[in-house]
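Participant: Here it is: the structure, laid out below.
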Amino acid sequence: MAEPGAEVAQIAQLATSGERMVERLRKQAFLPDRRKVLNLRFGITEAAQLLGCSPNRIRAAEEDGRLSPPPEGSTGRRLGYGIEDILHMREVLAASPRRGPKDHAAIIAVQNFKGGVGKSTITTHLAHYLAIQGYRVLVVDCDSQATTTTLFGFNPHFQIPQEATLYPYLALEATRDDLEYAIHRTPWPNVDLIPSCLQLFDVEYELAAAGATGESVISARFRKLREGLRNAGENYDVIILDPPPALGTISLAVMQAATSILVPLAATTPDFCSTVQFLSMMSQVLAQLREVGFETNYDFVRIICSRHDVNDPSQSMVLKVMEEAFGATLLPNAVLDSAEISHAALRMMTVYELEKPIGTARTHKRCRGNLDEVMAQVEHLIRRPWHRAQPASPEERLNVA
Ligand SMILES: Nc1ncnc2c1ncn2[C@@H]1O[C@H](COP(=O)(O)OP(=O)(O)OP(=O)(O)O)[C@@H](O)[C@H]1O
Ligand SMILES: [Mg+2]
2 MAEPGAEVAQ IAQLATSGER MVERLRKQAF LPDRRKVLNL RFGITEAAQL LGCSPNRIRA
62 AEEDGRLSPP PEGSTGRRLG YGIEDILHMR EVLAASPRRG PKDHAAIIAV QNFKGGVGKS
122 TITTHLAHYL AIQGYRVLVV DCDSQATTTT LFGFNPHFQI PQEATLYPYL ALEATRDDLE
182 YAIHRTPWPN VDLIPSCLQL FDVEYELAAA GATGESVISA RFRKLREGLR NAGENYDVII
242 LDPPPALGTI SLAVMQAATS ILVPLAATTP DFCSTVQFLS MMSQVLAQLR EVGFETNYDF
302 VRIICSRHDV NDPSQSMVLK VMEEAFGATL LPNAVLDSAE ISHAALRMMT VYELEKPIGT
362 ARTHKRCRGN LDEVMAQVEH LIRRPWHRAQ PASPEERLNV A
């Protein structure tokens, strides 16, 4: 018979060996630097498309010295523009899509209490899509599983202490009054991250155990998160929140701090049923929050199909059911199930970070095109409350320049 406590020790061993493996995967993914770096390069045609102008306009600005030409390789071949170059180009050619000074940053919660529905995948792909379009983005990992933190190249276990997460801001004995301390740079020049690690979960324990004073502490933390994110939003166009897949204090705080909600789910029956339950729970929770003075007025609430395998007829049927049940709240385009997304995740990347296809060029192009289409739907919703409802047309941009 096994020693008493042997199974418990075995679980600890499994955790240690798993943690070592995570670190090995991370190091393999980021070789040779062991630190995640972004090596994206855009050709002049792609850059012009992103800016909404002609390649000639970029060439002209390079010739008259307003822009420096893209770096050349040792053979004298143009290497293409990096993301910093594109951002600089947007400034010089007045082609920035950023919000106006009077507009507020969109604070989007990618939320569903069901696990594995694609919250972190949508969060990270949306962040990187918006970064390429020229927005300033803050991603807040509110989930102690820290998948999003991992996708940004950090190992939550070794590199992110509790003090670097939301914990000092939301803890029972909070030691921080604004969120500045938690904002980390990422490999993306215009995407910052508030990371997470397992110990963020202590917030849940502490607030649940706060006894009679608990309710007032929880209310205070709700207000604090809302206020902290709004203040942080002064430096960003979009804040994306990735909450845990459960109804806990952090999830509730996220729900009332957000200005918009995106509910992801895959085109499967279990996801559909759980999402219906989530929506019903959410409506009850919002009604209860309103009773105690937490008014939530969302700019948009949309359901997004995060994974649709077009080769599976049952999924197409579920998608039809979703369209019927959710109507216009369901975004018209679904994210297609793609090996490119899961292979990129294995390298701790999003598809937007890949320098070259992992699968065939066709698979990559299809996946990227589909993601652009889906994320552009969200971009449109983000811009709606802003002063200028649509990105400026090329003519408008050129007139300003
Ligand atoms: N469209 C897709 N195509 C292929 N794989 C996908 C797609 N969407 C998500 N995945 C994969 O599904 C898995 C779960 O996704 P993800 O981690 O984003 O879900 P989650 O809702 O954040 O999970 P959790 O509830 O654990 O936080 C991941 O391995 C991800 O790479
Ligand atoms: Mg997740």
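Okay, so the sequence shown: first residue is 2 according to the working numbering, each after it adds one.
Note that CB positions come from ideal geometry on N, CA and C, so glycine has one too.
Since the model is a prediction, treat every value here as computed from it, not as a measurement.
1) For ligand 2, is there a heavy atom less than 7 Å away from the beta-carbon of GLN146?
2) Can you give the Cα-Cα distance for VAL319 and ASP272, rounded to whole angstroms?
3) Label SER121 either buried or exposed according to how many other C-beta atoms from any shown protein chain fall within 10 Å of its C-beta, with 16 as the threshold for buried.
4) State the CB to CB distance for the pair ILE108 and ALA259, rounded to an integer number of angstroms; the pair is presumed to be in contact (CB under 8 Å).
5) So what does TYR82 bridge to, in DSSP terms?
6) May I ask you to check if the CB of LYS120 is nearer than 7 Å to at least one heavy atom of ligand 4?
7) Are the segment 152-169 and the segment 16-29 in contact at 8 Å, needing three or more beta carbon pairs?
8) Which same chain residues, not among the five before or five after LEU173, have their C-beta less than 7 Å away from its C-beta?
9) In terms of residue numbering, what span does the alpha helix (DSSP H) encompassing SER261 cover?
10) Taking a contact to mean a Cβ-Cβ separation below 8 Å, would you say LEU1 touches ALA233 in this structure?
11) Quick check: does the Cβ of ASP243 come within less than 7 Å of any heavy atom belonging to ligand 2?
12) Out of PRO246, LEU194 and LEU248, point me to the one whose CA is closest to VAL239's CA.
13) Among residues of its own chain, excluding the 5 on either side of ASP104, which ones have a beta-carbon nearer than 6 Å to its beta-carbon?
14) By DSSP, does GLU296 sit in helix, in strand, or in coil?
15) Hey, how far is the Cα of LYS115 from the Cα of GLY249?
16) Report the partner residues of LEU337 according to the DSSP bridge assignment.
17) Beta-carbon within less than 7 Å of PRO265's beta-carbon, same chain only, minus the 5 sequence neighbours each way: which residues are those?
18) Is HIS309 near LEU280, with beta carbons less than 8 Å apart?
19) State yes or no: is the C-beta of ARG1 within less than 8 Å of the C-beta of ALA254?
20) For ARG91, which residues in the same chain have their Cβ closer than 7 Å to its Cβ, ignoring the five residues on either side in sequence?
21) Would the segment 66-75 and the segment 347-358 be scored as touching if the rule is three or more Cβ pairs under 8 Å?
22) What runs of the alpha helix (DSSP H), each 4 residues or longer, lie entirely inside the segment 77-135?
23) Residue range of the beta strand (DSSP E) that VAL38 falls in?
24) Whole-angstrom Cβ separation of ASP243 and ASP144, contact assumed at under 8 Å?
25) By the 10 Å Cβ neighbour count, where 16 or more other Cβ atoms means buried, how is GLY360 classified, buried or exposed?
26) Going by DSSP, what residue range makes up the alpha helix (DSSP H) through ILE12?
27) Straight-line CA distance for CYS368 to VAL277?
28) Just to check, is the beta-carbon of LEU26 closer than 7 Å to a non-hydrogen atom of ligand 1?
29) Less than 6 Å between C-beta atoms, sequence neighbours within five positions excluded: which residues of the same chain meet that for LEU131?
30) What's the C-alpha gap between ILE383 and LEU88?
31) Can you tell me whether DSSP reads GLU180 as helix, strand or coil?
32) Quick one: is GLN146 buried, meaning 16 or more other Cβ sit within 10 Å of its Cβ, or exposed?
33) To the nearest whole angstrom, what separates the beta carbons of THR330 and VAL302, a pair I think is in contact under 8 Å?
34) Pull up the DSSP beta-bridge partners for ILE241, would you.
35) Could you tell me the alpha carbon to alpha carbon distance between ASP313 and MET282, rounded to whole angstroms?
Facilitator: Here's the rundown:
1) yes
2) 10 Å
3) buried
4) 5 Å
5) PHE43
6) What this structure holds is ligand 1 and ligand 2, not ligand 4.
7) yes
8) GLU207, LEU208, ALA211 and VAL218
9) No alpha helix (DSSP H) contains SER261, which is instead part of the beta strand (DSSP E) from 261-267.
10) It is not possible to answer for residue 1, since the shown part of the chain is limited to 2 through 402.
11) For ASP243, the Cβ falls inside the 7 Å cut-off from some heavy atom of ligand 2.
12) LEU194
13) TRP387 and HIS388
14) coil
15) 13 Å
16) HIS309
17) Result list for PRO265: VAL111, ASN113, VAL118, GLY119, LYS120, ILE123, ILE305 and SER307, in chain order.
18) The answer is no: Cβ separation not under 8 Å.
19) Nothing in the structure corresponds to residue 1, since the chain is present only between 2 and 402.
20) Result list for ARG91: LEU52, SER97 and GLY135, in chain order.
21) no
22) 84-93 and 120-134
23) Element bounds for VAL38: n/a, residue is neither H nor E.
24) 6 Å
25) Under this definition GLY360 is an exposed residue.
26) 7-31
27) Roughly 28 Å separates the two Cα atoms.
28) no
29) VAL138 and VAL239
30) 20 Å
31) Note that residue 180 is Leu in the sequence shown, not Glu. If DSSP states are grouped into helix, strand and coil, LEU180 belongs with coil.
32) buried
33) 7 Å
34) ILE109 and VAL140
35) 30 Å
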